[in-house]
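To start, the structure under review is shown below, and the notes come after it.
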Amino acid sequence: MRLAVLADIHGNRTAFEAAWADVQARGDFDEIWLLGDLAAFGPRPADCVRRVLELRAQLGEEKLRVIGGNTDRYLVHGARPAATPAAADADALRALAPAWRARDRALNWSVEQLAWEEYDFLRSLAGRELSLRAPDYGPVIGYHAIPGDDESASLRPDSPAEEALDALLDREGRLGIGGHTHLQMDRDLGHWRAVNVGSVGWSFGAPGMAEWGLFTFADGVATVELRRVPWDVAALLQEFRAVGHPAPEPFIVQGRLR
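Throughout the sequence shown, residue numbering follows the numbering used here, covering 1141 to 1398 in sequence.
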């Protein structure tokens, strides 16, 4: 059995197409999972949602399975992060309002780009998880950040093992697959193997690379290949200008794109 998993496109159609071409070049898959954060912050939020809808229509909902992430929820409900770090000093305090203002402008602009079909699709994805039972291997689960919480940072490469295991405590499985942190990870936690496939459109660990995960199940073993393929950063920067994006800096700075 073969499974492809992508997450965190973030309105970056250029990177999405690069990742998708790499998925197609790897052969056929029994299932393909998209683990949320499809649209927000990048220059092509509506294009990315439409592309997902096109691919789902071509492949079928049983093969291309999609859930939402925290920023999809922000676009649907107007929510914002549940908690952000408090300022530690006067300089950090002065930076808070501009950072929040840029974040909110980017999210509000992303909503404005969506037609009803795209918005309604994002609305349908909230709060979902994915699962399958791989032959001779067992249960595999998919989520955005952690099961039951699309914002938690408990499954990071540097999370204490006890904290990471607590995040998976009330689910049945052997292999948990997520996104959200934009950092690829493959951790052996004993009872659980926790994998993060990274970010298609906004990698924090590999600037300018579209990340995804290829999973092969055979003879009771899960083989994981965390893939990275380059995309055209200059083209993305031009897209930000072409569409009149009001706040590209958070994306550019956090993604270390220049």
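No residue lacks a Cβ here, since even glycine has one placed at the ideal position from N, Cα and C. Note that the structure is predicted; figures quoted are calculated from it, not measured.
N- and C-terminal bounds of the alpha helix (DSSP H) containing residue i
i: A1165; result: 1153-1165
i: P1185; result: 1185-1199
i: T1211; result: 1210-1217
i: R1243; result: 1230-1253
i: I1317; result: Per DSSP, I1317 belongs to no alpha helix (DSSP H); it is in the beta strand (DSSP E), 1315-1318.
Interface flag, residue i vs chain D, CB-CB below 8 Å
i: S1292; result: The structure shown contains no chain D; it holds only a single protein chain.
Rounded separation between residue i and residue j - CA only
i: Q1253; j: P1275; result: 42 Å
i: D1212; j: H1284; result: 11 Å
i: G1338; j: V1251; result: 24 Å
i: E1303; j: E1258; result: 36 Å
i: L1262; j: D1148; result: 13 Å
i: G1365; j: G1353; result: The displayed chain sequence assigns Glu, not Gly, to residue 1365. So the two alpha carbons sit approximately 6 Å from each other.
i: D1177; j: A1165; result: 24 Å
i: D1298; j: I1392; result: 24 Å
i: A1197; j: G1319; result: 24 Å
i: R1273; j: G1167; result: 21 Å
i: H1150; j: A1227; result: 27 Å
i: P1390; j: G1360; result: 43 Å
i: P1386; j: P1238; result: 13 Å
i: V1369; j: D1162; result: 7 Å
i: P1300; j: D1326; result: 14 Å
i: E1194; j: A1232; result: 43 Å
i: P1221; j: N1248; result: 14 Å
i: L1175; j: T1363; result: 19 Å
Test item: CB-CB of residue i and residue j under 8 Å
i: V1373; j: F1156; result: no
i: L1474; j: G1316; result: Summary: the structure shown does not reach residue 1474, with the chain confined to residues 1141 through 1398, and so no result is reported for it.
i: A1158; j: W1371; result: yes
i: G1313; j: V1280; result: yes
i: E1291; j: Q1324; result: no
i: W1332; j: L1305; result: yes
i: V1145; j: W1173; result: yes
i: E1269; j: G1282; result: yes
i: M1141; j: F1380; result: no
i: A1266; j: V1216; result: yes
i: L1295; j: N1336; result: yes
Local Cβ density within 10 Å of residue i, reported as buried at 16 or more and exposed below that
i: R1367; result: buried
i: L1143; result: buried
i: R1241; result: exposed
i: R1153; result: buried
i: S1264; result: exposed
i: A1334; result: buried
i: T1224; result: exposed
i: H1322; result: buried
N- and C-terminal bounds of the beta strand (DSSP E) containing residue i
i: D1326; result: 1325-1328
i: P1297; result: First-last for P1297: undefined, no H or E at that position.
i: S1271; result: 1270-1274
Counting beta carbon pairs with one atom in the segment 1201-1210 and one in the segment 1343-1351, are three or more of them shorter than 8 Å? The segment 1343-1351 is not in contact with the segment 1201-1210.
If you pair each beta-carbon of the segment 1370-1388 with each one of the segment 1182-1199, do three or more pairs fall below 8 Å? A contact is defined here as three or more CB-CB pairs under 8 Å, and the segment 1370-1388 meets this definition with respect to the segment 1182-1199.
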